[in-house]
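Residue numbering for the sequence shown follows the numbering used here, starting at 28 and increasing by one per position.
Beta carbons are placed, not taken as given, at the ideal position from N, Cα and C, and that holds for glycine.
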Amino acid sequence: MMSEGAWLEIARSLRLSPRELQILRGIFDDHTEFAIAVDLGISQHTVHTYVDRLHRKLGVVDRVTLILCIMDEFLSLTVAPGSGLPSICANRVAGRCPLRTR
Numbered sequence: 028m029m030s031e032g033a034w035l036e037i038a039r040s041l042r043l044s045p046r047e048l049q050i051l052r053g054i055f056d057d058h059t060e061f062a063i064a065v066d067l068g069i070s071q072h073t074v075h076t077y078v079d080r081l082h083r084k085l086g087v088v089d090r091v092t093l094i095l096c097i098m099d100e101f102l103s104l105t106v107a108p109g110s111g112l113p114s115i116c117a118n119r120v121a122g123r124c125p126l127r128t129r
């Protein structure tokens, strides 16, 4: 759903490590911790530890709120000046968007 550039911008904005980003992308793609572990060639326990750390770092309690947090960050970045992501709001592109930037 999101481009590589969008993921990198999210990682930069949220100060995620490359491994945290890999885990997050697996979660976003609805992979289980086991599937993420297999894909990355690491143990399921390591993935679980990263998931716990992501929950604490981003202040979320479960997968749903984690995904909502990432989507909120993505949408915020599309309206933030200088973020490098194009606006997805046609009204903003036309100068009519009522949304405030951060």
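Please identify the residue among the options whose C-alpha is closest to the C-alpha of residue i.
{"i": "I69", "options": "Q49, P113 and H82", "result": "Q49"}
{"i": "H75", "options": "T59, M29, C96 and G86", "result": "T59"}
{"i": "L95", "options": "I54, E36 and E31", "result": "I54"}
{"i": "M28", "options": "S44, R46 and D57", "result": "D57"}
Are the CB atoms of residue j and residue i within a distance shorter than 9 Å?
{"i": "L112", "j": "A33", "result": "yes"}
{"i": "R46", "j": "Y77", "result": "yes"}
{"i": "S40", "j": "E100", "result": "yes"}
Please work out which residues of its chain come closer than 6 Å, Cβ to Cβ, to residue i, disregarding the five sequence neighbours upstream and downstream, and give them in chain order.
{"i": "I115", "result": "T105"}
{"i": "L85", "result": "C96"}
For residue i, which residues of its own chain have a beta-carbon under 7 Å away from its beta-carbon, when the five flanking residues on both sides are left out?
{"i": "Q71", "result": "E60, F61 and A64"}
{"i": "R90", "result": "I54"}
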